Structure formats: structure tokens, C-alpha cells
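Working notes, beginning with the structure itself.
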Amino acid sequence: MTRAGELDEIGALAGMASDGITAHRVAVWGYTNASVTGGRAWLSASSYERVSTDYLGLFAD
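Heads up: take any position in the sequence shown, counting from 1, add 11, and you land on my numbering.
Printed below as a string of C-alpha cells:
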């Protein structure tokens with residue numbers, strides 16, 4: 012499930028042109044690279060965790 016509509020709305024409220032489908036693709040690209048390179052995801056002010064392939068499952072259609 013994508014949230015393209017929500018991303019489009021956020022962009023519109025911020026006064027920026029946006030494309031939810033492209034934003035989704037960029038997110039998949041970013042999280043894939045983070046997973047491969049050992050990147051970390053921000054959870055809270057002082058809490059991070061390694062981005063695993065489990066994150067990529069969140070982007071499944």
C-alpha cells in the first residue's frame with residue numbers, strides 16, 4: 012500500500028509540487044541502499060536501529 016495521496020497532500024500544504032508515486036520510489040531506493048550499506052533508521056531523539064530488509068517489506072504493494 013502506498014500513501015501517494017497523503018504525500019501529495021503534504022506537498023500541497025507545504026506549497027511544493029509533489030508526486031507521491033515518485034516519492035515512494037525514492038523511499039524504496041533510499042531504504043534499499045541503507046539496508047545494503049548498514050544504514051540506521053531514526054526512531055526517536057536518541058534511538059536508532061539498523062535498516063534491515065524487513066523495512067523493505069513496508070513498501071510492498
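Beta carbons: idealized from backbone N, C-alpha and C, even for Gly. The model shown is predicted, which means the values in this text are computed figures rather than measured ones.
- Annotated three-state conformation of residue 69 is coil, per DSSP.
- Assignment of beta-bridge partners to residue 60 by DSSP yields 52.
- The three-state secondary structure of residue 30, taken from DSSP, is coil.
- Counting every other CB atom within 10 Å of its CB across the protein chains shown gives residue 62 a total of 16 or more, marking it as buried.
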